[in-house]
Each structure stands twice: as C-alpha cells, then as structure tokens.
Amino acid sequence: MAKQVLVTGGAGFLGSHLCERLLNDGCEVICADNFYTGDKSNILPLMDNHRFELMRHDVTFPLYVEVDEIYNLACPASPVHYQIDPVQTTKTSVHGAINMLGLAKRVRARILQASTSEVYGDPSVHPQPESYWGNVNPIGIRSCYDEGKRCAETLFFDYHRQYGVDIRVARIFNTYGPRMHPNDGRVVSNFIVQALRGEDITIYGDGRQTRSFQYVDDLIEGMVRMMATPADFPGPINIGNPEEYTIKQLAELVIELTGSASKLVARPLPQDDPRQRRPDIGLARQVLKWEPTVNVRVGLQRTIDYFRTIV
Ligand SMILES: NC(=O)c1ccc[n+]([C@@H]2O[C@H](COP(=O)([O-])OP(=O)(O)OC[C@H]3O[C@@H](n4cnc5c(N)ncnc54)[C@H](O)[C@@H]3O)[C@@H](O)[C@H]2O)c1
Numbered sequence: 007m008a009k010q011v012l013v014t015g016g017a018g019f020l021g022s023h024l025c026e027r028l029l030n031d032g033c034e035v036i037c038a039d040n041f042y043t044g045d046k047s048n049i050l051p052l053m054d055n056h057r058f059e060l061m062r063h064d065v066t067f068p069l070y071v072e073v074d075e076i077y078n079l080a081c082p083a084s085p086v087h088y089q090i091d092p093v094q095t096t097k098t099s100v101h102g103a104i105n106m107l108g109l110a111k112r113v114r115a116r117i118l119q120a121s122t123s124e125v126y127g128d129p130s131v132h133p134q135p136e137s138y139w140g141n142v143n144p145i146g147i148r149s150c151y152d153e154g155k156r157c158a159e160t161l162f163f164d165y166h167r168q169y170g171v172d173i174r175v176a177r178i179f180n181t182y183g184p185r186m187h188p189n190d191g192r193v194v195s196n197f198i199v200q201a202l203r204g205e206d207i208t209i210y211g212d213g214r215q216t217r218s219f220q221y222v223d224d225l226i227e228g229m230v231r232m233m234a235t236p237a238d239f240p241g242p243i244n245i246g247n248p249e250e251y252t253i254k255q256l257a258e259l260v261i262e263l264t265g266s267a268s269k270l271v272a273r274p275l276p277q278d279d280p281r282q283r284r285p286d287i288g289l290a291r292q293v294l295k296w297e298p299t300v301n302v303r304v305g306l307q308r309t310i311d312y313f314r315t316i317v
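Using our numbering, the first residue of the sequence shown is number 7, and each one after it goes up by one.
This is the structure we're talking about:
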C-alpha cells in the first residue's frame, strides 16, 4: 500500500515542491494549509492527482488523520509575513508542533520538523555546526519566529524522550526557487523582481553581510533522505548550501543573469539582521550522504525564468 504522508504548510513555497516530490515517489499526500501565505496556485497542478488531497486546516487546532509520516512545514517564513501577526507566528510554531506531535504520537507516525538556521540567531560561531546553541534575541521583532522555532525543537525532543515519538529535526538554511512569493521581502525574490522590473535593487547595510543560498530541489532531496533514515537519528541536521556570497555579489549576479539595467541602492540594516550565515553540512554529508548539487547560477536562472512568468 502507498505510504500516507501529511504535509502541513503544503500550499507554500517549499511545501508545494515537497508534495510534488512525494507524489512522484508514489505516496498518498494530504496537504493541510490555512493559506496564510500559501496559495492554491502553487498546488493547482497536483489537484488532478487522485493520490493528492487538500485540507484547509490551521495547525494551531488539532488534526485527526491516519498517516505514516508527517512533514511539519506550516509557518510563515519571511519576516514581512511573520511580523504581521507575531503572536499568531509563535502560536503556529508552538501549538502547531504540539498538535502535530500529538498526532504523530497517536498514530505512531514519523514526524519531521522544518526548523531553521534562525535558531542560531546572529551567530558568533562560523560556519554553524548543529552543536552550536545560537545567539538569539528573545525579545526582538524576529523573536516570534526564532524563539517559536526553538521552542518547537524543544517540544520535538521532549516528545521523543518522554513518549518515544520518532522525530527528525531539519535545520533549513536560506532556500530559493520557483514559487517563492514575489513580495515577501526575501533577498533572492526581492532582487529578481526589482531587476525584472528595472527598479533600483535595495541593499540593506553595506552589502558585505553574507548568506548562503540553497536551491529548493536540493533541500527537498535532503528532507526526503532525512525522513527515510532507518536508524534512530532525530537530528538536528543542517540542510543548506555552504557556498557563501555577500549580498552585493548576489545582487550583481542577478543583474547579470536578468540582463537588467537596475542600479544598487543602500538602505539601513533592519534590527537583528544576522551578519553572516553559513551551514556546516558535515553531518548531512556523513549521515544522509547528501550535499547540494545545484549551483547558484543554475538555480538563479531557473528562479528568474519562473518570475518572468508572474512579474
Ligand atoms: N524558505 C526558506 O528559506 C526556509 C528556511 C528555513 C526554514 N523554513 C521553514 O520551512 C517552512 C516552509 O517555508 P516556506 O518558505 O515554504 O514558507 P511559506 O510561507 O511559503 O509556506 C508556509 C506555509 O504554511 C502555511 N501556514 C502558515 N501558518 C499556518 C497555520 N497556522 N496552519 C496551517 N498552515 C499554515 C502557509 O499558508 C504556507 O502555505 C516553514 O516552516 C519555514 O519556517 C524555510
């Protein structure tokens, strides 16, 4: 019988790619989403598949479905979205984790949490290994997301220790690709949209802060492998691309690949913006035999091709 898989946040950017991949792998997929930042257009091509089921559901409320695996992705991921209603953001992470872990416990499902590199905050260790505990402001404007995700990790490990729930915690680093929201303020989508519209490209700070960028297909492969690890390995595992770029380099690459005449303009840095972020992926290489395969030029070109169809 086909594996039954629940994907929360399945109508979002990452969730829609994950649903697509799982269907291609022959799974029965239930996508649960409240459409806070997700969009039906992301999953429209999947709706004709008889193994795909869409449920409008908010993970802050309990859910009862019989499944073998749960991927918990429900949570707005960009500052623009998660700061609109910060209390709801924390509730989604924390109550959502409790509800999905409760479900996993009841039906004995394996559950994977889409955690984030934001649990490292503004890191004082570089690159960041999983053993680093982070440097997070608990009362700032990003805290609803960062601390919500940290608390969700705590809940995952306590459900594991206390009730034996079979957990996986993936710490996802900056990911980009087709179906990102065009207006969510994330750096890759911002730059591409600005370049395609011929507008100024806004760089926060001096542009020397660095980020690493992972193409969505690499992330999905990492998550699927992590879910499939047979041994009891709860993680956390970093899933990201360790190639590091300054924000200025990224902007210049986007201008080159789009052939845009846009100019770079500087704006002040937002509060608590991390100066640098880069994953140590030694553990993923060792345990999952995984590493990113899509280089930034190829990934950006595919993303630009997507944005050309919607901008
Ligand atoms: N994209 C990245 O670079 C990145 C990096 C680290 C972690 N993550 C994590 O991956 C997950 C997916 O991120 P994304 O980039 O696809 O973001 P997204 O905003 O596109 O997707 C999030 C999805 O969750 C849904 N959602 C939000 N609150 C919900 C709730 N209470 N109940 C049910 N559904 C709800 C949204 O409608 C949306 O479909 C998030 O948990 C995010 O924290 C993403």
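By construction, the Cβ of each residue, glycine as well, lies at the ideal position given by its N, Cα and C atoms.
The structure displayed is predicted, hence computed values, not measured ones.
Beta bridge counterpart(s) of residue i as assigned by DSSP
i             : result
methionine 61 : Ala38
tyrosine 182  : Tyr221
serine 121    : Arg177
arginine 116  : Glu75
glutamine 134 : Pro285
alanine 234   : According to DSSP, alanine 234 bridges with nothing at all.
glycine 127   : Asn141
Cα-Cα separation between residue i and residue j, rounded to whole angstroms
i                 : j                 : result
leucine 284       : isoleucine 173    : Correcting the residue type first, residue 284 is arginine in the shown sequence and not leucine. Spanning the two alpha carbons is a distance of roughly 24 angstroms.
phenylalanine 41  : arginine 308      : 25 angstroms
aspartate 152     : valine 125        : 6 angstroms
alanine 290       : phenylalanine 58  : 29 angstroms
phenylalanine 197 : threonine 208     : 8 angstroms
alanine 176       : alanine 120       : 6 angstroms
valine 293        : leucine 118       : 16 angstroms
tyrosine 210      : valine 86         : 15 angstroms
phenylalanine 219 : phenylalanine 179 : 7 angstroms
serine 84         : glutamate 249     : 21 angstroms
glycine 146       : threonine 95      : 14 angstroms
glycine 213       : arginine 314      : 25 angstroms
glutamate 26      : phenylalanine 239 : 25 angstroms
histidine 63      : valine 317        : 29 angstroms
proline 133       : tyrosine 251      : 13 angstroms
alanine 234       : alanine 267       : 46 angstroms
isoleucine 90     : serine 99         : 15 angstroms
proline 82        : aspartate 223     : 20 angstroms
valine 260        : glycine 127       : 27 angstroms
Residue range of the unbroken alpha helix (DSSP H) whose run includes residue i
i              : result
glutamate 159  : 149 to 169
asparagine 48  : 46 to 49
threonine 99   : Note on identity: in this sequence residue 99 is serine, with threonine being the wrong assignment. Element bounds for serine 99: 92 to 113.
alanine 257    : 253 to 264
glutamine 200  : 193 to 203
threonine 315  : 302 to 316
valine 13      : Valine 13 -> not in any alpha helix (DSSP H); beta strand (DSSP E) instead, spanning 10 to 14.
valine 86      : 85 to 88
isoleucine 143 : Going by the sequence as given, residue 143 is asparagine instead of isoleucine. Careful: asparagine 143 lies outside any alpha helix (DSSP H) and carries neither H nor E.
Ligand 3 heavy atom lying under 6 angstroms from the CB of residue i
i            : result
aspartate 64 : Ligand 3 is not among the ligands present in this structure, which contains only ligand 1.
Inset, instruction - Pair every Cβ in the region 134 to 144 with every Cβ in the region 281 to 295, then say whether three or more of these pairs are closer than 8 angstroms. - result: Yes: at least three Cβ pairs fall under 8 angstroms.
Inset, instruction - Please confirm if the region 152 to 160 is in contact with the region 179 to 191, defined as three or more CB-CB distances below 8 angstroms between the two stretches. - result: no
Inset, instruction - Say whether the region 242 to 257 touches the region 213 to 233, bearing in mind that this needs 3 or more beta-carbon pairs closer than 8 angstroms, one atom from each stretch. - result: yes
Legend entry - Any 3 or more C-beta pairs closer than 8 angstroms across the region 98 to 112 and the region 64 to 78: yes
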